[in-house]
Structure formats: structure tokens, C-alpha cells
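The structure appears right after this line, and notes come after that.
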Amino acid sequence: MLRFYAISVLVASLALILAASCFASGASTAQKPTPDQALEMLKKGNERFVSGKSVHPHTDSARLKQAETENQGDHAFATVLGCSDSRVPTERIFDAGIMDIFSIRIAGNVCNVDEIGSVEYGVAHVHTPVVCILGHTQCGAVTAVTQAVQGKDVPLERNIPHLIHGIEPAVKRAMVENPGVLGSKIVPYAIEMNVWQAVEDLFMKSPVTRNLVHEGKIKVVGAIYDVGTGKVNWLPESEVASILARVEKNPDRALNPMAE
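Residue numbers (our numbering): 1 to 260.
Structure, rendered in C-alpha cells:
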């Protein structure tokens, strides 16, 4: 049994090394990395970025030629839903390049219908094996909603309220779960809760995403990027599983994966 376990670990390690090697060299392979391998590629990329050892893969003329002639679905290994904030350049912080990340950026990293549709395209058509909902420290959208919920007058242009209305439940939940945290000190808690709110909104409105998770074809994870250190802090995967289980019991969840 011990020998079998050792062989299994060795095989898994070799598979990850092969996936990382193909990623770094730009080699095309019909075999996409597994969800765990893709997540590890994101983690390793961020580690390189933080340590100042970025290799800036897939940014040369050869990659541009591939982008012109090949399908992104043969290359992209992650769908990342992050914030539009200029301090959070998705490909840069994961040390990735052209055709590596199916990137969705929206103020407050919210999961409204357009963003959910983009995630669905990423997992169902680009076939990315991992979806990362990426919040970040000092998020202006979450801060503004927090101030509004706390009763402060926050002037907003006419189209912004519709954009960020999904953040309000996250702020209120953070306040309920942390009653002793007052004022601006609640913002970091609200930022994390906003990631979980986006995960829940995605699962509630996207049957295809739920199905692919259940089938083991994709993994959905949450993370928070620290704009001051460059480090991505990964949130517990167990919470994603809990949210999915809760959504599956909700009678209001969307059931038909296809457009009517």
C-alpha cells in the first residue's frame, strides 16, 4: 500500500511538471491540465511574481502567431473574474501571458448576468479547468457600498448603483457576522464576503458551472490579492463546497443550463 501511494504521488508530480513545462515553453498540447494542476499553475505564477522572478511567458511573436492561428481553448488554463482596479493586472500577478488566462474584469468583481455569462463561456467553450473569483484589498467598490450601508452619503453616477448592487448583501452579512467590528474596519471582512457572494451568485445562476464542478471537470476557488505585497491569498476551498451544497438545496436556483 505504501509503495502504491508513493507511485501515485510520483505520477501526480510528473504530470504537474509536464503541464508547467508546456506552459513555460509555449508548447501546445491537447491535454489540458487538471483543475488541481491549473490551480497550482496560478499559485506558482503568483509566487514568481511576488519573489521578483517572473518569467513573463507567452509574450513573444511566436505566441502572437499562435493567437492568430490557434484556438484559445487549446491553451487557456484558467478563468479569472477579478476587479477592474488598475492595481490588479490579472496576467501580471499570475505571471501569465497571451492565451493563458480567460480574464473577466469588472468593478467590485461582482457576478451579475454579463459576468456569469462570461464565466460560462470560459468553462464551456474555452474549457478552462479552474475558475478563480479574485477580490483585492482596498477595493473601492466594496468600500463605497460599506459606507452607504453605514448611512454615509456616497454620491454615485447613475449607472454605478446597478453595477454594484450585488455587493450590498455581502457587506450586510459581514456586519452581521462581525458585530464588534465597526466603521471602516469592517471593509476587509466585507471584501472577503464579497468573494463568497460572487461564488454563490455564480452557482445560483449557472447550472453548467455547477454541473462541471460536480463532474470534476472544473474547480471554483476564491482568493484575495494584496495590492501592497502582490501576494494572492487563497481562501478555503471547503467554503466553496459548502456554498455549492447550500445552493443545490435552494429551490430558486437556475436549473436549465441552456438559453431558452
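Ideal placement from N, C-alpha and C gives every residue a C-beta, glycine not left out.
Can you tell me where the beta strand (DSSP E) holding residue i begins and where it ends?
| i | result |
| --- | --- |
| V232 | 232-234 |
In the structure shown, what three-state DSSP assignment does residue i receive?
| i | result |
| --- | --- |
| F203 | helix |
| I106 | coil |
| K219 | strand |
| S28 | Its pLDDT being 43, under 50, S28 is placed unreliably by the model, and the measurement read from it follows with that caveat. The answer is coil: DSSP assigns S28 none of H, G, I, E or B. |
| A78 | strand |
| I101 | strand |
| L212 | helix |
| G140 | helix |
| G228 | coil |
| H127 | coil |
| G180 | coil |
| G151 | coil |
Is the distance from the Cβ of residue i to the Cβ of residue j below 8 Å?
| i | j | result |
| --- | --- | --- |
| L81 | N109 | yes |
| H58 | I98 | yes |
| V50 | K231 | yes |
| N178 | I186 | yes |
| A148 | A107 | no |
| N250 | P207 | no |
| V171 | V195 | no |
| V227 | R87 | yes |
| G134 | A76 | Looking at the sequence shown, residue 134 is not Gly but Leu. No, the Cβ-Cβ distance between L134 and A76 is not below 8 Å. |
| R210 | L156 | no |
For residue i, which option in the options has the closest C-alpha, if you only look at C-alpha atoms?
| i | options | result |
| --- | --- | --- |
| P89 | S61, V113, H136, P251 | H136 |
| S238 | V221, M204, Y225, A259 | V221 |
| C132 | M258, A259, M41 | M41 |
| Q31 | A62, E68, D85, T128 | T128 |
| K205 | G117, G52, N71 | G117 |
| F102 | G122, Y225, V227 | G122 |
| I270 | Q72, A62, R48 | This structure leaves residue 270 out entirely; the chain is present only between 1 and 260. |
| H214 | P236, V240, V227, M193 | V240 |
| P35 | L182, A223, K217 | K217 |
| A259 | I104, D60, E120 | E120 |
| V181 | I164, Q150, P155 | Q150 |
| I191 | V130, A174, D201, G183 | A174 |
| S184 | C139, E248, I164 | C139 |
| L202 | E68, E115, P33 | E115 |
| K43 | L235, E248, A254, V247 | L235 |
Identify the continuous alpha helix (DSSP H) that holds residue i and give its terminal residues.
| i | result |
| --- | --- |
| K309 | Examination of residue 309 is not possible in this model, given that the chain is present from 1 through 260 alone. |
| I116 | 113-124 |
| L39 | 35-50 |
| I164 | 160-164 |
| L244 | 237-248 |
| R63 | 61-69 |
| E91 | 90-93 |
Regarding residue i and the ligand FMN, is the C-beta to nearest heavy atom distance less than 7 Å?
| i | result |
| --- | --- |
| A76 | As for the ligand FMN, it is missing from this structure, which has no ligand bound. |
So with Cβ pairs under 8 Å, would you call residue i a contact of chain D?
| i | result |
| --- | --- |
| T79 | The structure shown contains no chain D; it is built from a single protein chain. |
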